[in-house]
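Peer 1:
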Amino acid sequence: MKLYKSIFAVAAAGMSLGFTGCDNDFDRPPVIVPEATYEVNTAISEFKEMFWDIAQSNSSNTIPVNANGDSIILGGRIISSDKDGNVYQHIYFRDESGALDIRVHGYDLYESYPMGQEVRINVTGLLVGGYGKQMQIGTLYNGSVGGIEPEDFSIRAQRNGLPSLSDAEPYTVTISDLNSWINDKSKLIAWQCQLVKIENVSFVDGGKAAWCDNPGATGATNRTLKDADGNTIDVRTSNKCTFSSQILPKGTGTVVALLGYYASSKASWQLTFMDPESGCIDGFEFVDTPETPDEPTPGTTIYSALGEDASTIDWSYESNSVEGVEAVWTWKEYSGKHYLNASAYSGGKAIASKAYAYSPVIDLSKAKSASLTFEHAAKFQTTLRTLCCAVVREEGAASWTELAIPSWPEAGAWTFANSGSIDLSAYAGKKIHVGFKYGSDESGADTWEIRNLKISE
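Per UniProt numbering, residue 1 is the first one in the sequence shown, and the count goes up by one each step.
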């Protein structure tokens with residue numbers, strides 16, 4: 001599937017109207033090629049540099065004339081589309097030096113300002129500010145940057161020529177590079193709001209979870225995109241967009257999305273997709289209904305632990321104490337029932353941690369196959385699914401191998417759910433430890449409860 005072909009088809013269809021119809025009775029209407037009268041006098045990177053401190057303080061300022069007393073004119077190609085509602089009342093455009101987000105209080109903006117359209121915009125008199133330290137241009141609304149009325153924008157924004165789709169191609173980047181640039185001013189100026197392509201990545205919970213938790217509701221949902229090395233980036237999707245209820249695609253492939261930035265207690269990149277089925281997602285498998293994990297195959301139990309009736313356990317911990325948290329992993333009791341508990345939330349804040357809880361040596365020397373199951377619960381889920389997992393290592397080994405968990409409990413309640421079957425057949429005939437890795441950072445330190453672990457043949 002060619003990348004974003006359907007989004008571009010909208011622009012192409014509009015351009016082709018003047019070339020179709022009946023030849024016998026009617027003349028074809030002429031194609032009107034817009035010609036801008038504004039002359040660009042400021043590069044986007046130069047503009048960002050001028051107002052960088054304003055954006056970083058999440059305040060706003062009226063854009064003045066330049067040093068020559070002339071209006072500041074920005075220019076570039078549009079790289080966004082609001083057709084499916086995930087980019088809502090925003091237009092992103094770029095030149096050779098950078099990209100910007102301009103807020104427009106209108107709908108179906110893609111019809112008048114399609115991807116690839118060159119625009120030149122008089123921004124003097126508008127407001128520039130920051131939202132989560134990402135720069136935006138707009139007008140004053142409730143004390144901050146809001147949307148420009150479409151009538152005003154149509155005067156300020158002049159189109160020049162016809163859309164050139166080849167000039168709206170994405171820039172290829174890796175998640176690892178992006179993460180290394182998160183505090184680099186020059187990289188932030190260059191990369192914030194760009195249209196990017198990231199290859200060889202997969203969606204966490206692809207084929208299982210929908211794009212959004214509450215389709216049709218207000219707000220947005222964060223999902224996670226992951227590369228082969230475990231580097232991750234947030235995917236933020238409006239609950240009101242047309243694909244909010246669709247299932248995340250499964251497998252590995254290439255994505256094209258707008259690169260946003262948000263900083264509060266921690267800075268992070270965010271990807272905003274347009275229409276997933278337009279080709280902005282390539283190489284993945286689309287599914288109509290979520291997959292359900294296979295039920296564990298009945299068989300002989302080789303090892304069991306973490307029983308809810310056990311008052312003590314013989315498990316060990318690794319890196320279990322961090323500053324501000326005496327013990328990340330503990331064996332707890334509630335209403336007479338016990339469970340393994342992990343949390344790094346203390347003093348009203350999330351604390352960064354990475355700690356392991358693991359079993360004694362388990363002898364699989366006579367087993368021909370093996371699978372691991374357990375029950376777990378987590379009411380709050382911010383970083384749980386990306387930073388926490390099951391682990392295994394052979395007896396005597398120093399490092400852990402991470403194991404994907406097929407099924408996670410529903411958020412919003414302390415309801416235990418089965419993990420689904422995790423294959424340990426690669427360790428049949430060996431002696432191993434199994435356990436769990438708990439991870440957290442400043443953006444989230446979820447409480448994870450685990451019980452009734454079994455390894456069966």
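Beta carbons: idealized from backbone N, C-alpha and C, even for Gly.
Using CA coordinates, which residue listed in 450, 242 and 152 is at the minimum distance from residue 216?
Peer 2: As a working mapping, residue 216 is identified with position 216 in the sequence shown. Considering only alpha carbons, the answer is 242.
Peer 1: Since I believe residue 451 is in contact with residue 375 (beta carbons under 8 Å), could you give me their beta-carbon distance rounded to a whole number of angstroms?
Peer 2: If you number the sequence shown from 1, residue 375 lands on position 375. If you number the sequence shown from 1, residue 451 lands on position 451. That pair is a contact at about 5 Å.
Peer 1: How is the alpha helix (DSSP H) around residue 56 delimited, first residue to last?
Peer 2: The residue you call residue 56 lines up with position 56 of the sequence shown. Taken as a continuous stretch (DSSP letters only), the alpha helix (DSSP H) holding residue 56 covers 44-56.
Peer 1: Do you know how far the Cα of residue 419 is from the Cα of residue 262?
Peer 2: Locating residue 262 in the sequence shown gives position 262, where the first residue counts as 1. Locating residue 419 in the sequence shown gives position 419, where the first residue counts as 1. The straight-line gap from Cα to Cα measures roughly 33 Å.
Peer 1: Could you give the uninterrupted runs of the beta strand (DSSP E) lying entirely in the region 164-209, keeping only those of 3 residues or more?
Peer 2: Complete beta strand (DSSP E) runs here, min 3: 195-203.
Peer 1: Is it buried or exposed for residue 449, if we count other Cβ within 10 angstroms and need 16 for buried?
Peer 2: As a position in the sequence shown, residue 449 is number 449, starting the count at 1. With 16 or more Cβ atoms within 10 Å of its Cβ, residue 449 is classed as buried.
Peer 1: To the nearest angstrom, report how far apart residue 266 and residue 314 are at their CA atoms.
Peer 2: As a working mapping, residue 266 is identified with position 266 in the sequence shown. As a working mapping, residue 314 is identified with position 314 in the sequence shown. Cα to Cα, residue 266 sits roughly 37 Å from residue 314.
Peer 1: Hey, residue 406 and residue 421 are a contact pair by Cβ (cut 8 Å); roughly how many whole angstroms apart?
Peer 2: Taking the first residue of the sequence shown as 1, we reach residue 406 at position 406. Taking the first residue of the sequence shown as 1, we reach residue 421 at position 421. That pair is a contact at about 7 Å.
Peer 1: Who are residue 75's beta bridge partners in DSSP?
Peer 2: For the purposes of this step, residue 75 is taken as residue 75 along the sequence shown, with counting starting at 1. 120, per the DSSP bridge assignment.
Peer 1: Let's test the definition: count the other Cβ atoms within 10 Å of the Cβ of residue 306 and tell me whether it reaches 16, buried, or not, exposed.
Peer 2: Taking the sequence shown and counting its residues from 1, one reaches residue 306 at position 306. It is buried - the Cβ of residue 306 has at least 16 other Cβ atoms within 10 Å.
Peer 1: Taking residue 222 and residue 235 to be in contact with their CB atoms under 8 Å, please state how far apart those CB atoms are, rounded to whole angstroms.
Peer 2: The sequence position of residue 222 within the sequence shown is 222, counting from 1. The sequence position of residue 235 within the sequence shown is 235, counting from 1. About 7 Å; that satisfies the 8 Å criterion.
Peer 1: Rounding to the nearest angstrom, what Cα-Cα distance links residue 386 and residue 224 in this structure?
Peer 2: Within the sequence shown, the letter at position 386 stands for residue 386. Within the sequence shown, the letter at position 224 stands for residue 224. Taking the straight line joining both Cα atoms gives about 7 Å.
Peer 1: Give me the Cα-Cα distance between residue 327 and residue 279, rounded to the nearest whole angstrom.
Peer 2: Stepping through the sequence shown from its first residue, residue 327 is reached at position 327. Stepping through the sequence shown from its first residue, residue 279 is reached at position 279. So the alpha carbons of these two residues sit roughly 47 Å apart.
Peer 1: With a Cβ-Cβ cutoff of 9 Å, do residue 210 and residue 79 count as a contact?
Peer 2: Here the question's residue 210 lines up with position 210 in the sequence shown. Here the question's residue 79 lines up with position 79 in the sequence shown. Result no, Cβ atoms of residue 210 and residue 79 do not sit closer than 9 Å.
Peer 1: By DSSP's criteria, residue 325 is part of a beta bridge. Which residues make up the other side?
Peer 2: By 1-based counting over the sequence shown, the position of residue 325 is 325. DSSP output for residue 325 lists 322 as bridge partner(s).
Peer 1: Any idea what DSSP makes of residue 305, helix, strand or coil?
Peer 2: By 1-based counting over the sequence shown, the position of residue 305 is 305. Residue 305 falls in the strand class under three-state DSSP.
Peer 1: Taking DSSP as the reference, what is the three-state secondary structure of residue 268?
Peer 2: In the sequence shown, counting from the first residue as 1, residue 268 sits at position 268. Residue 268: strand per DSSP, three-state reduction.
Peer 1: Closest to residue 244 by CA distance: which of 66, 84, 424 and 61 is it?
Peer 2: Reading the sequence shown from its first residue, position 244 is the one you call residue 244. Ranking 66, 84, 424 and 61 by Cα distance to residue 244 puts 84 first.
Peer 1: Since I believe residue 123 is in contact with residue 198 (beta carbons under 8 Å), could you give me their beta-carbon distance rounded to a whole number of angstroms?
Peer 2: Along the sequence shown, one-based indexing puts residue 198 at 198. Along the sequence shown, one-based indexing puts residue 123 at 123. Not quite, the Cβ-Cβ distance comes to about 30 Å (not below 8 Å), so this is no contact.
Peer 1: On the criterion of 16 or more Cβ atoms from any shown chain inside 10 Å, does residue 81 qualify as buried, or is it exposed?
Peer 2: Your numbering for residue 81 matches position 81 in the sequence shown. When all chains shown are included, residue 81 counts as buried.
Peer 1: So residue 320 packs on residue 329, CB below 8 Å; how close in whole Å?
Peer 2: Position 320 of the sequence shown, counting from 1, holds the residue named residue 320. Position 329 of the sequence shown, counting from 1, holds the residue named residue 329. The pair is a contact, with the Cβ atoms about 5 Å apart (cut-off 8 Å).
Peer 1: Roughly how many whole angstroms lie between the Cα atoms of residue 66 and residue 41?
Peer 2: On the sequence shown, position 66 is the one that residue 66 refers to. On the sequence shown, position 41 is the one that residue 41 refers to. The alpha-carbon atoms of residue 66 and residue 41 are separated by roughly 9 Å.
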